[in-house]
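Everything below concerns the one structure shown next.
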Amino acid sequence: MTTSEITREEIQAVYPKAAKIMADALGCDVEQVRLDASLIEDLGAESIDFLDFVFGLERAFKVKIPRGKIMEDARGDLPEAEFEEKGHLTERGLQRLRAYLSEVPADRFRSPMRVADIPKLFTPETFCKLVARGLRATKADA
Amino acid sequence: MPDRGSAFTFVDRITDLEAGRRARGRFAIPARLSGFSSCLVAEAVGQLACWVAMSEVGFRRRPVAALSEETRILGDAAPGEILDLGVEIESCSEEAVVFGGWARVAGKPVLELHRCVGPMLDLEEFDAPEAMRADLATLRGAGTPPSRFAGVTAPDLSVTDRVPAQRLRATLQVPDSAPFFGDHFPRRPVFPGSLLLEAQIRLAVQLATEALPPDRALRPARVADVKMRAFILPGQAVELETGVQAATDAAAELTFAATVSGKRVATGRMEIVSRGPA
Chain G
1 MTTSEITREE IQAVYPKAAK IMADALGCDV EQVRLDASLI EDLGAESIDF LDFVFGLERA
61 FKVKIPRGKI MEDARGDLPE AEFEEKGHLT ERGLQRLRAY LSEVPADRFR SPMRVADIPK
121 LFTPETFCKL VARGLRATKA DA
Chain F
1001 MPDRGSAFTF VDRITDLEAG RRARGRFAIP ARLSGFSSCL VAEAVGQLAC WVAMSEVGFR
1061 RRPVAALSEE TRILGDAAPG EILDLGVEIE SCSEEAVVFG GWARVAGKPV LELHRCVGPM
1121 LDLEEFDAPE AMRADLATLR GAGTPPSRFA GVTAPDLSVT DRVPAQRLRA TLQVPDSAPF
1181 FGDHFPRRPV FPGSLLLEAQ IRLAVQLATE ALPPDRALRP ARVADVKMRA FILPGQAVEL
1241 ETGVQAATDA AAELTFAATV SGKRVATGRM EIVSRGPA
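Protein sequences, first through last, are from chains G and F.
Going by our numbering, 119 is the number at position 119 of the first sequence; the sequence numbering is gapless.
Converting from the second sequence to our numbering requires adding 1000 to each position, the first position being numbered 1.
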């Protein structure tokens, strides 16, 4: 996993433009798109908004962000059966998710945690990190 | 379900299909219709992409209309003509399909779709997966019999607020029942996004006639940044709004939005252009 390797500077470099894209998608003021806001609980985002973010961020930053990337990256090399069981994260799965979503305050993680509730954890920083990773990949390919 | 596969189906043969990648198809527009709108042409391209996506994920999921970066309306398709359809899939997973596509009539482009994103939902909620598989087999073989599509009665639009050449608001009353609900979708009737766009275009053209020089025939040329946020259900009243953002002698740029019970269900932008003297 490369989550912890994304630096504060990389996040700050993409945040202003990314926040504008997220604000446009949500129909809210850009000031409301704080890095640590819960997109669903604080800003009323729905699943379609997450697709819209990815769509807009890919276009604006010229990066590829595969759909389902957050879950896939969070799971890493852990087999799916060891990541989740009957719709809930396993203990190891939860550890992986906490590590991957390191920007999310610890008190927002529940145990047991339903897989369907994972998007409630997403913050603008989660998406900034996806962009930063995409930019790294683009540079590496160049 | 007598309307299934006929009341709102706009692909009658798939001539080429590469799973998860691309497809070509066609639709013979019934000659008896009085017209065939650009929104229905776009619907036809979207339906072809839907077949590619469903076959890619083993008919467990199906896409629904959600995001579209740009639709370019390049010409008209008339009753009696054959629509040639093509789609290219950029990516397809159990979560979403991203695609572009086009429609041509006699080799001439009439419409292009650029970067559309459809979230994939459980197919069983909408239709019977086995029936859909069988439909695809028919489409990939000899095709379906000539379409029984009989046209769509445009829902009433009642203007509720008007600032000349600037803004127009109207209420669109979705009918409680209509043949297209039997096809869109058999297990879960939803007002088609393409029909919502058709209503938004009607309203935008009405407003653009006030913003552009008089005595010009107008047509939609481009619909961009469309976002469908929620399903619109039978019987719902949809508040439509459109506003002029910029206008020259030849074209007007407008934004549009649709809300149901105060909740925003669709947004986008469009360009209405002058065809020349009416």
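Glycine included, C-beta positions come from ideal geometry on N, C-alpha and C.
Remember, it's a predicted structure, so these values are computed and weren't measured experimentally.
- Message: Nearest by alpha-carbon distance to Ala-1286(F): which of Arg-1032(F), Ala-1252(F), Gly-1100(F) is it?
- Response: Limits of chain F in this structure are 1001 at one end and 1278 at the other, which puts residue 1286(F) out of reach.
Report task. Round the Cβ separation of Glu-1069(F) and Ala-1224(F) to the nearest angstrom and send it over; I've been treating them as touching at under 8 Å. Result -> Translated into positions along the second sequence, residue 1069(F) becomes position 69. Translated into positions along the second sequence, residue 1224(F) becomes position 224. Sure, about 7 Å apart at Cβ, within 8 Å.
Are the region 119-130 of chain G and the region 28-47 of chain G touching by the rule of at least three beta carbon pairs closer than 8 Å? yes
inquiry  = If you measure between the beta carbons of Leu-1168(F) and Val-1174(F), is that distance less than 8 Å?
reply    = Against the second sequence, residue 1168(F) aligns to sequence position 168. Against the second sequence, residue 1174(F) aligns to sequence position 174. Contact flag unset, no.
Quiz item: Helix or strand or just coil, what does DSSP make of Gly-68(G)?
Solution: For the purposes of this step, residue 68(G) is taken as the residue at position 68 of the first sequence. Three-state result, Gly-68(G): coil.
Query - Exposure label - Pro-112(G); buried when at least 16 CB within 10 Å - result: Translated into positions along the first sequence, residue 112(G) becomes position 112. Its Cβ having fewer than 16 others within 10 Å, Pro-112(G) is exposed.
Next item on the list: Evaluate contact between the region 1129-1148 of chain F and the region 1202-1211 of chain F, counting only Cβ atoms and requiring at least three cross-stretch pairs below 8 Å.
Entry: no
DSSP three-state assignment for Asp-141(G), whether helix, strand or coil:
Position 141 of the first sequence, counting from 1, holds the residue named residue 141(G). It is helical.
I want to see whether chain G comes within less than 8 Å of Thr-1009(F), judged by CB atoms only; does it? Along the second sequence, one-based indexing puts residue 1009(F) at 9. So, not an interface residue.
Review point. Going by alpha carbons, who is nearest to Val-131(G) out of Asp-49(G), Asp-77(G), Ile-70(G)?
Key: Reading the first sequence from its first residue, position 131 is the one you call residue 131(G). When each option's Cα is compared against that of Val-131(G), the closest is Ile-70(G).
Q.
Would you say Met-1(G) lies against chain F (beta-carbon separation less than 8 Å)?
A. Sequence index remark: in the first sequence, residue 1(G) carries index 1 (1-based). Since pLDDT at Met-1(G) reaches only 43, below the 50 mark, its modelled position is unreliable, and the value read off the structure follows with that caveat. It does not; no Cβ of chain F falls within 8 Å.
Considering Met-1228(F), what are the terminal residues of the beta strand (DSSP E) in which it resides?
The residue labelled residue 1228(F) in the question sits at position 228 within the second sequence. From DSSP, the beta strand (DSSP E) with Met-1228(F) extends over 1216-1228.
Could you list the residues in the region 40-54 of chain G with a C-beta less than 9 Å from some C-beta on chain F, going in chain order?
-> Glu-46, Ser-47, Ile-48, Asp-49, Leu-51, Asp-52, Val-54
(request) Inspect the beta-carbon positions of Ala-1208(F) and Leu-1172(F) and report whether they are closer than 8 Å. (result) As a working mapping, residue 1208(F) is identified with position 208 in the second sequence. As a working mapping, residue 1172(F) is identified with position 172 in the second sequence. No. Outside cutoff.
query: How is the beta strand (DSSP E) around Ile-1073(F) delimited, first residue to last?
result: For this step, residue 1073(F) is matched to residue 73 along the second sequence. From DSSP, the beta strand (DSSP E) with Ile-1073(F) extends over 1067-1073.
Excluding the 5 residues flanking Glu-1198(F) on each side, which residues of the same chain have their C-beta closer than 6 Å to its C-beta? Taking the first residue of the second sequence as 1, we reach residue 1198(F) at position 198. The answer, listed in chain order, is Ser-1037, Cys-1039.
Query - Neighbourhood of Arg-1269(F) by C-beta distance below 6 Å, restricted to the same chain and skipping five residues each side - result: Position 269 of the second sequence, counted from the first residue, corresponds to residue 1269(F). Counting only Cβ-Cβ distances below 6 Å, and skipping sequence neighbours, we find Ala-1224, Asp-1225, Thr-1255.
Give a yes or no on whether the minimum CB-CB distance between Pro-66(G) and chain F is below 8 Å. In the first sequence, the residue the question calls residue 66(G) occupies position 66. Judged by the 8 Å Cβ criterion, Pro-66(G) is in contact with chain F.
- Chain-order list of residues whose beta-carbon lies under 8 Å from that of Val-14(G) (same chain, five-residue window excluded): As a first step, residue 14(G) must be located in the first sequence, where it is residue number 14. Hits under 8 Å: Phe-61, Cys-128, Val-131, Ala-132, Leu-135.
Using a Cβ-Cβ cut-off of 8 Å (strictly less than) and excluding sequence neighbours within five positions of Thr-1138(F), which residues of its own chain qualify? In the second sequence, residue 1138(F) corresponds to position 138, counting from 1. Closer than 8 Å at Cβ, skipping near neighbours: Thr-1144.
Identify the residues that DSSP records as bridge partners of Ala-1246(F): which are they? Stepping through the second sequence from its first residue, residue 1246(F) is reached at position 246. DSSP output for Ala-1246(F) lists Glu-1253(F) as bridge partner(s).
Of all the options Leu-1136(F), Leu-1048(F), Ile-1232(F), Glu-1094(F), which has the alpha carbon lying nearest to the alpha carbon of Phe-1181(F)? Translated into the one-based positions of the second sequence, residue 1181(F) becomes position 181. Ranking the options by Cα distance to Phe-1181(F), first place goes to Ile-1232(F).
*asked:* Any C-beta of chain G within less than 8 Å: which residues of the region 1073-1096 of chain F qualify?
replied: Ser-1091, Ser-1093, Glu-1094, Glu-1095, Ala-1096
Check: Based on the DSSP secondary-structure assignment, which residues constitute the bridge partners of Arg-1140(F)?
Finding: Taking the first residue of the second sequence as 1, we reach residue 1140(F) at position 140. The partner list for Arg-1140(F) (beta bridge, DSSP) is empty, contrary to what the question assumes.
Grab me the residues of Leu-1083(F)'s own chain with a C-beta within less than 7 Å of its C-beta, minus the 5 sequence neighbours each way, in chain order. Taking the second sequence and counting its residues from 1, one reaches residue 1083(F) at position 83. Excluding sequence neighbours, Leu-1083(F) sits near Arg-1026, Phe-1027, Ile-1029, Val-1041, Ala-1044, Ala-1077, Ala-1103, Val-1105.
- Query: Taking all protein chains shown into account, do 16 or more other C-beta atoms lie within 10 angstroms of the C-beta of Asp-52(G), making it buried, or fewer, making it exposed?
  - Reply: Looking up residue 52(G) in the first sequence gives position 52. Answer is buried; the Cβ neighbour count reaches 16.
Check whether the Cβ atoms of Pro-1192(F) and Arg-1004(F) lie closer than 8 Å to each other. Here residue 1192(F) corresponds to residue number 192 of the second sequence, with the count starting at 1. Here residue 1004(F) corresponds to residue number 4 of the second sequence, with the count starting at 1. Taking 8 Å as the Cβ cut-off, Pro-1192(F) and Arg-1004(F) do not qualify as a contacting pair.
Under a CB-based cut-off of 8 Å, is Leu-992(F) close to chain G?
No answer is possible for residue 992(F): it lies beyond the span of chain F, which begins at 1001 and ends at 1278.
_Close-in-space but distant-in-sequence residues of the same chain around Ala-45(G) (CB under 7 Å, 5 per side omitted)_ = Within the first sequence, the letter at position 45 stands for residue 45(G). Leu-26, Leu-39, listed in sequence order.
Exercise for the section: Please go through the same chain and pick out, in chain order, the residues whose beta-carbon is closer than 8 Å to the beta-carbon of Ala-970(F), but skip the five residues on each side of it. Expected result: Because chain F here runs from 1001 to 1278, residue 970(F) falls outside it and cannot be looked at.
Rounded separation between Glu-1081(F) and Ala-1066(F) - CA only:
By one-based count along the second sequence, residue 1081(F) stands at place 81. By one-based count along the second sequence, residue 1066(F) stands at place 66. Using only the alpha carbons, I get a separation of about 28 Å.
Contact check, Pro-1155(F) vs Glu-1210(F) under 8 Å by CB: the rounded distance?
As a working mapping, residue 1155(F) is identified with position 155 in the second sequence. As a working mapping, residue 1210(F) is identified with position 210 in the second sequence. Pro-1155(F) to Glu-1210(F), Cβ: 23 Å. No contact.
- Task: Starting from Ile-21(G), follow its DSSP beta bridges and name the residues at the other end.
- Result: The count along the first sequence starts at 1 and reaches residue 21(G) at position 21. BP columns for Ile-21(G) are empty, so no partner.
**Message:** I want to verify the contact list: residues of chain G whose CB lies under 8 Å from the CB of Pro-1119(F), in sequence order.
**Reply:** Working through the second sequence from its first residue, we reach residue 1119(F) at position 119. Ser-47, Ile-48, Leu-51, listed in chain order.
Original post:
What does Ile-1272(F) pair with, by DSSP beta-bridge criteria?
Top reply: Numbered from its first residue, the second sequence carries residue 1272(F) at position 272. Note: Ile-1272(F) sits in a beta bridge opposite Pro-1220(F), Ala-1252(F).
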